[in-house]
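For the sequence shown, UniProt numbering assigns the number 1 to the initial residue and increments by one for each residue that follows. All C-beta atoms in this analysis are idealised placements derived from N, C-alpha and C, irrespective of residue type, glycine included. Remember, it's a predicted structure, so these values are computed and weren't measured experimentally.
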Amino acid sequence: MWQSERERTPMNTSDQHPLQKILESRIAIIDGAMGTTIRTYGMKEADIRGERFKDSTKDLLNNGDLFSLTQPDMICDIHRRFLEAGADIIETNTFGATSITQSEFFVDDPREHGGRKDPEFYQKIVDDPFLGGLAWEINERSAQQCREWADRVGKATGRQRFVAGAIGPLTVSLSNSPDADDAGFRVVTFDQVKTAYAQQVRALIAGGSDLLLVETIFDSLNAKAALVAIREVFDQDGLAAQGKELPVMISAAVGRGGETMISAQTVEAFWNAVAHVKPLSIGLNCSLGPDLMYPFLEDLADKADVAISCYPNAGLPNPLAETGFDLGPQDMAGYLGDFARGGLINIAGGCCGNTPEHIAAIAKALEGKAPRPLSRIEVSA
């Protein structure tokens, strides 16, 4: 039965989270590509700026998170469409909503004036009140928008829907140096990355997220900072003591060799690096289409003792295709149906190139398919 926001089961370590119950009985559906779907609305630079950002000196069109503030009706319409397509889980429009990533759009690059990006520069970024306030507002508003539509569609259909606070990668790396002559140099510190992520996490929780999703992980050390930030927020804000920690989903992006794109970990090594978090799920998304992702997903499903998520790109980029990617809805549905028949997945959806039509086809293909067995798995909510 659908539960209102007030009635939803507390997320604590003694009560099983309602999504966990779903994962034991069927494959849950996660939504598709926000960026791909936004592009179908024909938005221009003026649309993302609105009145509020009309005087910004840098191009903003690629800063899709801002649409939650300047075009909220469009973002809500996209959430509605994914929910009506069958998504159990919708993600907040917050893929780049940290002060660090937002600085790319609102702060001059010091390298253009003979300087460089370094920890001193990024300390100013994480301390900047404008960037901090903007990041908070994007995350909180985005979560509120998801919350409204998840509850509205959940009530209308009698099926509870869930809001995943999306925590994406950054534009900086803790694992690699950008300077070929100084391998030990890092532009940013672990604490700075952790601070930026902690602010995002708090705002996502304040906006009403049910889950936290650390996704499209290229750099495992960046992901570690996000996971430490989540842990510290739970402890410092009293959520742990109250038994109200949110479940955490983790999803990595791997290349054709099956290694994370920057930190070059195999899926087994990546799982071993994050297993201590006891996530609700571990999985793969983005970077590859379902055909190339399959062997790495199979390996992960063999190694991990939690639920497995999979939301691949719709094949390879194709500028001639309507969505910018090769695979249509039925193509994606066919691949993910095969994954389900192979007993590999508990959560499925799509990343880049996947529209509400793709998610509807995937949901239909997976209806009645048995999820990967979770009988031996115990997950703290």
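Note on the stretch 237-279: whole alpha helix (DSSP H) runs with a minimum of 4 residues are 267-274, in chain order.
With a cut-off of 8 Å on Cβ pairs, the stretch 170-183 is not in contact with the stretch 127-142, counting fewer than three such pairs. With a cut-off of 8 Å on Cβ pairs, the stretch 72-87 is in contact with the stretch 141-153, counting three or more such pairs. For Cys-310, the enclosing beta strand (DSSP E) has its first and last residue at 307-311. Annotation for Phe-162: no alpha helix (DSSP H) segment contains it, though the beta strand (DSSP E) segment containing it runs 162-167. Cβ-Cβ distances below 7 Å link Ile-75 to Phe-67, Ser-68, Asn-93, Gln-145 in the same chain, with the five nearest sequence neighbours on each side left out; the list follows chain order.
Excluding the 5 residues flanking it on each side, Pro-279 has same chain C-beta neighbours closer than 8 Å at Pro-247, Val-248, Met-249, Ile-250, Val-306, Val-379, in chain order. Our two residues, Ala-240 and Asn-318, have alpha carbons roughly 46 Å apart in a direct line. The alpha helix (DSSP H) runs lying completely inside the stretch 185-222 and spanning 4 residues or more are 190-206, given in chain order. A Cβ-Cβ contact shorter than 8 Å links Ala-166 with Leu-213. Here the stretch 322-329 makes no contact with the stretch 259-276; the two share fewer than three CB pairs at distances below 8 Å. In terms of Cα proximity to Asp-59, the closest of Thr-195, Asp-291, Gln-102 is Gln-102.
Taking a 10 Å sphere around the C-beta of Thr-157, we find fewer than 16 other C-beta atoms and assign the residue as exposed. Taking the Cα positions, Asn-354 is about 13 Å away from Cys-310.
DSSP places Gly-133 in no beta strand (DSSP E) but in the uninterrupted alpha helix (DSSP H) bounded by 129-157.
Ile-230 carries a helical assignment under DSSP once its states are collapsed to helix, strand and coil. Short of 7 Å from the beta carbon of Glu-24, and not among the five residues preceding or following it, lie these beta carbons of its own chain, in chain order: Leu-374. When C-alpha distances from Asn-62 are compared across Gln-16, Ala-301, Arg-161, Ala-97, the shortest belongs to Ala-97. Counted as a single uninterrupted DSSP element, the alpha helix (DSSP H) harbouring Ser-103 occupies residues 99-106. Contact between Ser-173 and Asp-219 holds: CB atoms are separated by about 5 Å, below the 8 Å threshold. When beta bridges are read from the DSSP output, Glu-91 appears opposite Ala-164. The beta carbon of Phe-95 is closer than 6 Å to those of Ala-166, Gly-168 in its chain, skipping five residues each way along the sequence.
Take Ala-225, set aside five residues on each side of it, and the residues of its chain with a beta-carbon closer than 7 Å to its own are Leu-174, Phe-190, Val-193, Lys-194, Tyr-197, in chain order. Per DSSP, reduced to three states, the secondary structure at Pro-178 is coil, with no helix or strand assignment. In the same chain as Pro-72, and ignoring 5 residues on each side of it, the C-beta atoms closer than 8 Å to its own belong to Arg-141, Gln-145, in chain order. Contact annotation, Ala-143 with Gly-208: C-beta distance approximately 5 Å; criterion of less than 8 Å satisfied.
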